[in-house]
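The structure appears right after this line, and notes come after that.
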Amino acid sequence: METAPPATVGTHYTSTEKPMPLSEIERETIVRALEKNKGNISRTAKELGLTRTALLPPTE
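Right, dumping it as structure tokens:
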């Protein structure tokens with residue numbers, strides 16, 4: 001199996017677009033994982049290697 005050169009691994013944009021901010025990539029990853037796990041925060045956190053509280057919105 002061939003692998004992509006290191007410069008293109010994980011790239012979320014084409015050569016004519018600006019790079020996507022890391023915060024947006026993280027958000028998309030979490031949203032996709034939540035969708036896959038049907039909104040189950042505990043399963044999503046486990047899949048992503050995070051704590052459940054890390055996925056909860058901050059409280060004031």
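Letter 36 of the sequence shown, counting from 1, is numbered 36 in UniProt numbering, and no numbers are missing. No residue lacks a Cβ here, since even glycine has one placed at the ideal position from N, Cα and C.
Check your understanding: Between the C-alpha atoms of Pro57 and Gly49, what's the straight-line distance to the nearest angstrom?
Key -> Numbered from 1 along the sequence shown, position 57 holds the residue referred to as residue 57. Numbered from 1 along the sequence shown, position 49 holds the residue referred to as residue 49. Spanning the two alpha carbons is a distance of roughly 17 angstroms.
Exercise for review: Take Ala45 as the anchor and find which of Thr16, Glu26, Lys18 has the nearest alpha-carbon.
Suggested key: Taking the first residue of the sequence shown as 1, we reach residue 45 at position 45. Of Thr16, Glu26, Lys18, the residue nearest in Cα terms is Glu26.
Exercise for review: Spatial neighbours of Ala54 within its chain, please: CB distance less than 7 angstroms, with the 5 preceding and 5 following residues excluded, ordered by chain position.
Suggested key: Looking up residue 54 in the sequence shown gives position 54. Cβ within range, chain order: Ala45.
Practice item. Give me the Cα-Cα distance between Glu35 and Ser42, rounded to the nearest whole angstrom. Key: The residue labelled residue 35 in the question sits at position 35 within the sequence shown. The residue labelled residue 42 in the question sits at position 42 within the sequence shown. Rounded to the nearest angstrom, the two C-alpha atoms are 13 angstroms apart.
Review point. Which ranges would you report for the alpha helix (DSSP H) in the UniProt domain "DNA binding HTH" (22–55) if only whole runs of at least 4 residues count?
Key: 22–36, 41–48, 52–55
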